[in-house]
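A.B. asks: Convert by adding 152 to the 1-based position in the sequence shown; the result is the number in the numbering used here.
Note that the Cβ used here is the ideal one computed from N, Cα and C, for glycine as well.
Dumping the structure here so I can ask a few things about it.
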Amino acid sequence: MAVTAAIDEVYRVISAAVDGAFYRSAYPDVAAAGLDPVRHYAESGWREGRDPVPWFSSRAYLDANPDVRSRGVEPFFHYLTAGRRQGREIEPSDRAEAYLAALSRAGQSYGWSFQPLETAPAPLDLSEPGPPPMEDPPAEPEPAPVEDPPPEPVSEPAPEPQAGPTAEELRALDRAVVEPEFDAYWYLQNYRDVAAAGVDPLDHFVASGWREGRNPTPWFSIRDYLETNPDVALAGVNPFVHYLRDGRREGREPRHRRGFRYDIIENLTPATARVARARTLAAKIDAKPVEALVKALQKSRTGLRDLHISFSHDDYRQHLGGVQLCLQREDLAFERLCRDHLHILPAKAWPVTREPGEPGQLGVVFNRQRIGSFAPADVAEALRRAAPLPGRRSFAVHSLLGHTADEVADIVEAAGLTAGFFWLHDFASLCAGFHLLRNDVEDCAAPPPDSGGCRICTYLPLRRRHLDQHGRLFERLDLTVVAPSEPTLKLWRESWDYPHAGEVVLPHAALIPRGRGLRPGPRPLRVAFAGTPSALKGWPIFRELAVRHAQDDRYRFYHLGGRRQPGLPVEFLEVSVGRETPHAMRDALEALDIDVVLVWPICRETFSFTAYEAVAAGCAVITWPDSGNVQAFARAGGHGWVLDDEAALEAAFVSGEAEALGRSRRKPKLYDLQFSAMTADLVEAGT
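Here it is, written out as structure tokens:
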């Protein structure tokens with residue numbers, strides 16, 4: 153192979169000149185690892201800015217010779233074979249003085265000065281210093297008689313020295329090092345722009361991906377490795393290549409061990425910056441004329457006499473999640489009640505509520521058909537013009553994100569409504585950080601806005617916006633607050649005092665007994681994560697648990713969800729819950745005979761379909777106190793364990809205590825899930 157031949161030529165040329173004693177003394181990590189100094193310098197040391205001899209600085213040579221740097225040529229090789237004949241200057245290593253001082257203290261000298269030499273001095277081997285010669289020097293030979301010099305022989309000109317491997321050859325060498333441990337599937341799944349471009353993921357990573365901070369596998373972090381190894385960062389080399397060649401043997405860590413919460417904070421975009429971006433994107437949306445909406449509303453089931461209006465943060469038909477599933481069921485229920493359904497959402501997603509004057513067209517879905525984007529005032533106008541005779545009408549606010557209070561109130565009042573429902577799917581009515589996570593990592597429980605806990609949170613500048621907008625909504629409309637669980641309603645009630653018409657708890661689903669599951673014989677405990685692998689839902693905690701116990705015969709780990717997370721010792725099954733497959737997750741958990749589902753969200757869940765699906769399938773739930781309704785559900789029904797923290801979780805698996813939750817030790821109950829029809833249930837009940 154051309155690359156191998158080129159590297160071998162570099163090694164052959166510099167092996168006679170590299171000073172192994174100096175290299176080991178200057179770089180004790182190389183000595184400690186027992187590495188060959190010549191090979192280390194040739195393959196990676198020069199890229200890291202290391203010097204082969206006291207009288208030569210690799211970094212200074214490259215700085216002084218940008219043509220050598222741009223070609224990716226090893227500098228010492230270039231100097232020995234070409235640079236010195238071309239008169240190129242060299243500088244001593246910045247570690248030379250310390251090395252020479254050590255020699256002096258040992259009573260030795262190097263026989264070298266800081267002046268550039270015509271030929272490289274022979275390296276001094278300090279490993280076996282011998283005594284100086286004791287014998288007399290040999291007598292000087294007698295001078296030979298002077299004769300006419302013979303004619304000089306005619307010789308061919310010496311061949312030009314080779315300049316070393318090119319940058320392209322070095323990339324090919326890096327590719328060969330990386331390929332055995334590169335996770336191409338993971339790379340394409342995490343960097344969709346690379347997948348969309350149709351380029352080879354390994355080539356992309358070696359050529360430019362690592363410079364962009366893209367990781368080659370889930371277990372190696374480019375950013376972490378450069379931060380913890382400044383010598384590698386200074387050298388400008390591919391961190392993954394360095395780790396595979398040298399770092400692993402030197403005991404360097406492939407990523408930091410500060411935990412996923414550190415990663416969240418480190419990558420946290422300030423909330424105000426997210427709003428600024430949303431404002432810019434929203435301003436680019438063009439609105440259709442009001443006549444287009446009036447015309448679309450004429451295709452109603454009831455002549456708009458019987459109408460339900462819902463508001464949320466996105467299109468429930470296009471996105472997957474708990475709120476979207478709730479709206480799908482609400483939509484189907486109102487269809488059965490022979491009512492039209494007008495769903496209103498921000499045309500461009502917003503992370504917070506909007507304020508008057510901020511750009512924001514509204515997307516409109518009518519009886520499951522997307523009509524287009526319209527100015528908020530035109531939506532109200534279309535309802536006034538198209539629906540003059542109200543019949544059975546209702547409305548529900550599922551989310552105020554991307555809306556203003558007055559626009560929502562104007563729209564429902566145009567339909568002849570003032571009384572409706574406000575759902576607590578999250579805690580956006582208490583804070584712009586609607587999961588109540590301080591800086592997205594720690595439960596805050598919605599303290600007063602002037603508290604110390606709020607002052608250190610990225611959401612404080614926007615919290616007043618949310619309190620004001622929701623306060624205005626409750627002032628203008630007669631809203632009944634609907635919570636999917638009692639803990640959710642309790643926290644909301646205790647955190648802020650909105651003037652509301654009433655309160656009701658309506659769970660999104662109920663468990664209906666359907667018998668008992670089978671008790672399998674002895675086998676490893678089957679532990680699963682169900683759903684989207686996000687930090688918010690506790691995926692990093694499950695992932696670390698699976699990695700730590702990958703070789704433990706007592707456990708097997710599973711992930712059931714929409715997308716595989718490659719590179720992990722976890723069995724994956726694709727599961728998608730939707731309108732047509734409402735029980736897909738429950739059925740999959742039961743079919744796999746899963747013993748335990750880890751439901752460990754780092755935020756307070758207002759309900760948690762996952763916990764209900766797990767218990768319905770006969771699984772036990774493991775959670776922790778900060779999980780909101782999950783811990784309340786687990787405790788009230790005896791459906792699993794509520795452990796104190798992640799240390800307690802790990803201890804339960806190390807000790808084997810977790811095996812007590814296996815189906816072989818308990819005869820689990822099985823349940824059907826009876827789903828709520830959401831606002832339709834309340835309307836039918838006359839709430």
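So for H460, helix, strand or coil by DSSP?
C.D. replies: When secondary structure is reduced to three states using DSSP, H460 falls in the strand class.
A.B. asks: Under a three-way DSSP split, which group does Y650 fall into?
C.D. replies: Note: Y650 maps to coil in three-state DSSP.
A.B. asks: Taking C-alpha atoms, which residue in L187, H471 and A584 lies nearest to R397?
C.D. replies: L187
A.B. asks: Please classify I774: does DSSP put it in a helix, a strand, or coil?
C.D. replies: strand
A.B. asks: Is A328 helix, strand or coil when you go by DSSP?
C.D. replies: helix
A.B. asks: Under 8 Å Cβ to Cβ from S373, same chain only, skipping five residues before and after it: list those, please.
C.D. replies: N367, P406, R407 and H408
A.B. asks: Using the three-state DSSP reduction, which class does W371 fall into: helix, strand or coil?
C.D. replies: coil
A.B. asks: Measuring straight from C-alpha to C-alpha, what distance separates V657 and A567?
C.D. replies: 27 Å
A.B. asks: Just to confirm my understanding: we take E836, look at its own chain, exclude 5 residues before and 5 after, and list those with CB closer than 7 Å. What are they?
C.D. replies: Result list for E836: empty, nothing under 7 Å.
A.B. asks: Give the straight-line distance between the Cα atoms of F174 and R413, rounded to the nearest whole angstrom.
C.D. replies: Rounded to the nearest angstrom, the two C-alpha atoms are 43 Å apart.
A.B. asks: Here's the rule I'm using: 16 or more other beta-carbon atoms within 10 Å means buried, otherwise exposed. How should E287 be labelled?
C.D. replies: Confidence is the limiting factor: at E287 the pLDDT is only 40, short of 50, which leaves the residue's position unreliable and the question unanswerable from this model.
A.B. asks: Mapping the DSSP letters down to three states, classify T632 as helix, strand or coil.
C.D. replies: In this structure, T632 counts as strand in the three-state DSSP scheme.
A.B. asks: Under 6 Å Cβ to Cβ from G403, same chain only, skipping five residues before and after it: list those, please.
C.D. replies: none
A.B. asks: Please return the same chain residues whose Cβ sits closer than 6 Å to the Cβ of G719, not counting the five positions on each side in sequence.
C.D. replies: D335, W338, T369 and P370
A.B. asks: Among R457, H230, K447 and G509, which residue has its Cα nearest to the Cα of L489?
C.D. replies: The alpha carbon of L489 has as its nearest neighbour, out of R457, H230, K447 and G509, the alpha carbon of R457.
A.B. asks: Counting C-beta neighbours from all protein chains within 10 Å, is the total for G515 16 or more, i.e. buried, or is it exposed?
C.D. replies: With 16 or more Cβ atoms within 10 Å of its Cβ, G515 is classed as buried.
A.B. asks: Give the range of the beta strand (DSSP E) segment to which F526 is assigned.
C.D. replies: Q521 to F526
A.B. asks: At the level of alpha carbons, what is the spacing between S265 and W207?
C.D. replies: With a pLDDT of only 39 at S265, under 50, the local geometry of the prediction cannot be trusted, and no value is derived from it.
A.B. asks: Please specify which runs of the alpha helix (DSSP H), each continuous and at least 4 residues long, are wholly inside the region 771-817, giving them in chain order.
C.D. replies: 781-789 and 798-807
A.B. asks: Report the rounded CA-to-CA distance for L813 versus I664, giving the unit in angstroms.
C.D. replies: 22 Å
A.B. asks: Per the DSSP calculation, A662 is bridged to which residue(s)?
C.D. replies: Q826
A.B. asks: Is A768 closer than 8 Å to Y823 when the C-beta atoms are compared?
C.D. replies: yes
A.B. asks: When the Cβ atoms of the region 805-821 are set against those of the region 629-643, are three or more pairs found closer than 8 Å?
C.D. replies: no
A.B. asks: With a cut-off of 8 Å, do at least 3 Cβ pairs link the region 540-556 to the region 461-478?
C.D. replies: yes
A.B. asks: For a quick check, are the C-beta atoms of G690 and L744 less than 8 Å apart?
C.D. replies: no
A.B. asks: Nearest to H660 by alpha carbon, out of W575, R675, V794 and A680?
C.D. replies: W575
A.B. asks: Counting Cβ pairs closer than 8 Å, one from the region 722-731 and one from the region 472-490, do we hit at least three?
C.D. replies: Note that the region 722-731 touches the region 472-490; at least 3 beta-carbon pairs, one per stretch, sit closer than 8 Å.
A.B. asks: Taking 8 Å as the threshold (C-beta atoms), are A529 and L629 in contact?
C.D. replies: no
A.B. asks: Would you decide whether L497 is buried or exposed? Buried here means 16 or more other CB atoms lie within 10 Å of its CB.
C.D. replies: buried
A.B. asks: Take G790 as the anchor and find which of A800, I774, K447 and V633 has the nearest alpha-carbon.
C.D. replies: I774
A.B. asks: Between the alpha carbons of Q476 and K821, how many angstroms are there, rounded?
C.D. replies: If you take the alpha carbons of Q476 and K821, they lie about 29 Å apart.
A.B. asks: Using a Cβ distance threshold of 8 Å, determine whether the region 670-682 contacts the region 696-715, with at least three qualifying pairs required.
C.D. replies: A contact exists between the region 670-682 and the region 696-715.
A.B. asks: Buried or exposed: S525, going by 16 or more other Cβ atoms within 10 Å of its Cβ?
C.D. replies: buried
A.B. asks: Per DSSP, what kind of secondary structure is Y764 in: helix, strand or coil?
C.D. replies: helix
A.B. asks: Report the residue ranges of all alpha helix (DSSP H) runs contained in full by the region 462-500; include only those spanning at least 4 residues, in chain order.
C.D. replies: 474-488
A.B. asks: Please list the terminal residues of the continuous beta strand (DSSP E) segment that includes R211.
C.D. replies: Here R211 belongs to no beta strand (DSSP E); instead the alpha helix (DSSP H) covers S210 to A216.
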